[in-house]
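Visitor: Going by the working numbering, the sequence shown opens with residue 39, and the numbers climb by one from there.
Built from N, CA and C at the ideal position, the CB exists for glycine as well.
Bear in mind the structure is a predicted one, so any value in this text is a computation, not a measurement.
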Amino acid sequence: MSCNLTVEIAGVSFKNPIFVASGTFGYGLETQELTDSSSLGAVITKSITRHPREGNPPPRIVETPSGMINSIGLANMGVERYIDTVIPRIDEIGTAVITNIAGFSIDDYLYVMEKLEACKAPICGYEINISCPNVEAGRMEFAVDPELTGRLTESLREVTKKLLIIKLSPNVTGIASIALAAEQAGADAVSAINTVFGMSIDTQSRSPYVQTNVGGLSGPAVRPVGIACVYKISRKVNIPIIGIGGITSANDAVEYILAGASVVQVGTANYKNADTARSMIDELELYLAENGIENLSELTGGVIPNE
Ligand SMILES: Cc1cc2nc3c(=O)[nH]c(=O)nc-3n(C[C@H](O)[C@H](O)[C@H](O)COP(=O)(O)O)c2cc1C
């Protein structure tokens, strides 16, 4: 039995639902010797900002039970260099590329997107990292406020017709309300989740392991958090949901899809083995064949909740 793994989000077609997550796969070019990125559904780049950023001081990564905490602080080459050095080589990635954008004001996000639109970058869309402090709103993160999320989404929607994905933070009281604000402001999809606040302390030195004290937890430890977020969002919005958080196998991906995701992203697992996402595609096809499912879309939201 042949299974159809292709998925469409707002008119954009992807060869399969296995994407790689922002910040765990570079700009899509660095991993070429480690895996065949052309077989992936899409590659999401590291967050790109208006200016280049060194990020936070080290140490900025620590391993934790079933996961890791990072405080990279959006280290990246900045949009000018991205356009000069990565965009001309984007064909080498061999699959759809989604550029992730971060910023500290609405203007910052607009600046990056307008530059990419102006150079007609051959990318299929944008993922917007809204887990960033807004300097105009007292450093409150865009992600925690439906109004800020809505305003940002609306401003970006005016600039692009390409796929617009808003990436949500789990560090909020009601993630589904933020998703709804993004949908109402014109987002094509939402992705969830970004990292979960985490802290780990060396009991000898009494110092936290990462320099910024608190960082972002990712990996299998956050998977149930991500699945619950996707489930809650799916009850509130109609746009497609991209599931992220602790995915290491096709079975993990299916859990997210049953909870309501149309596609998934693999993040931290890439650090262990950059070939993880690619190997999941065959595994997923096998799962579908074994379960007599012809189209992946039949699975989306297929969870049978307990009464
Ligand atoms: C080292 C590291 C760097 C990350 N950098 C970014 C980033 O630049 N932009 C972003 O939107 N998410 C970033 N993330 C979050 C991931 O894309 C993902 O949402 C999160 O880690 C949960 O997925 P996972 O458990 O599969 O890693 C980063 C995660 C890690 C571990």
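Among I56, T102, P55 and F57, which residue has its Cα nearest to the Cα of D240?
Guide: Looking at the Cα atoms, T102 is the closest of the given residues.
Visitor: Where are the beta strand (DSSP E) runs, 3 residues long or more, that stay fully inside the region 207-265, in chain order?
Guide: Fully enclosed beta strand (DSSP E) runs of 3 or longer: 227-230, 234-236 and 253-256.
Visitor: In the DSSP assignment, find the beta strand (DSSP E) that holds V45 and state where it starts and stops.
Guide: Note, V45: beta strand (DSSP E), V45 to I47.
Visitor: Tell me T87's beta-bridge partners as DSSP assigns them.
Guide: Answer is none; T87 lacks a bridge partner.
Visitor: Apply the 10 Å Cβ neighbour rule to A156 and answer buried if 16 or more other Cβ atoms are within range, or exposed otherwise.
Guide: That one is exposed.
Visitor: For F57 and V173, I'd like the C-alpha separation in whole angstroms.
Guide: Rounded to the nearest angstrom, the two C-alpha atoms are 31 angstroms apart.
Visitor: If I'm right that T87 touches Y65 with Cβ under 8 angstroms, what's the distance once you round it to whole angstroms?
Guide: Going by Cβ atoms, the distance from T87 to Y65 rounds to 13 angstroms, so no, they are not a contact pair.
Visitor: Any contact between the region 249-258 and the region 211-222? By contact I mean 3 or more CB pairs, one from each, below 8 angstroms.
Guide: Too few Cβ pairs lie closer than 8 angstroms, so no.
Visitor: Using alpha carbons as the reference points, say which of I282, D320 and G212 lies closest to S60.
Guide: Ranking I282, D320 and G212 by Cα distance to S60 puts I282 first.
Visitor: Can you grab the Cα-Cα spacing for the pair I128 / S51, in whole Å?
Guide: If I take the Cα positions, the gap works out to 18 angstroms.
Visitor: Nearest CA to the CA of A80: which residue from L72, N94, N138 and G116?
Guide: Ranking the options by Cα distance to A80, first place goes to N138.
Visitor: Whose CA, out of V301, R177 and I110, lies closest to the CA of L337?
Guide: Taking only the C-alpha atoms, the option nearest L337 is V301.
Visitor: Below 7 angstroms CB to CB, which residues in the same chain sit around G340 once its five sequence neighbours on both sides are set aside?
Guide: Contacts found: L296.
Visitor: Output the residue ranges of the beta strand (DSSP E) runs that lie fully inside the region 131-181 and measure 3 residues or longer, sorted by chain position.
Guide: Entirely contained in the region 131-181, the beta strand (DSSP E) runs reaching 3 residues are, in chain order, 134-139 and 163-167.
Visitor: Does the Cβ of L324 have 16 or more other Cβ atoms within 10 Å, making it buried, or fewer, making it exposed?
Guide: Result: exposed.
Visitor: For N54, which residues in the same chain have their Cβ closer than 6 angstroms to its Cβ, ignoring the five residues on either side in sequence?
Guide: So the list reads L43, G79 and I319, once near-sequence residues are dropped.
Visitor: Could you spell out where the beta strand (DSSP E) holding A80 opens and where it closes?
Guide: Residues A80 to I82.
Visitor: Nearest by alpha-carbon distance to V197: which of E185, L186, A227 and I144 is it?
Guide: Residue I144 is the option with its Cα nearest to V197.
Visitor: Would DSSP call E101 helix, strand or coil?
Guide: In this structure, E101 counts as strand in the three-state DSSP scheme.
Visitor: So, helix, strand or coil for N308, using DSSP?
Guide: N308 falls in the helix class under three-state DSSP.
Visitor: Are the region 201-215 and the region 267-284 touching, with three or more C-beta to C-beta distances below 8 angstroms?
Guide: Contact holds: three or more Cβ-Cβ distances are below 8 angstroms.
Visitor: State the DSSP-derived secondary structure class of M106, mapped to helix, strand or coil.
Guide: The answer is strand: DSSP assigns M106 an E or B state.
Visitor: For T123, count the other beta carbons within 10 Å of its own beta carbon; 16 or more makes it buried, fewer makes it exposed. Which is it?
Guide: T123 is exposed by the Cβ-count criterion.
Visitor: When the Cα of M382 is compared with those of R91, G188 and Q70, which residue comes out closest?
Guide: Because residue 382 is not part of the residues shown, which for the chain are 39 to 345, the question remains open.
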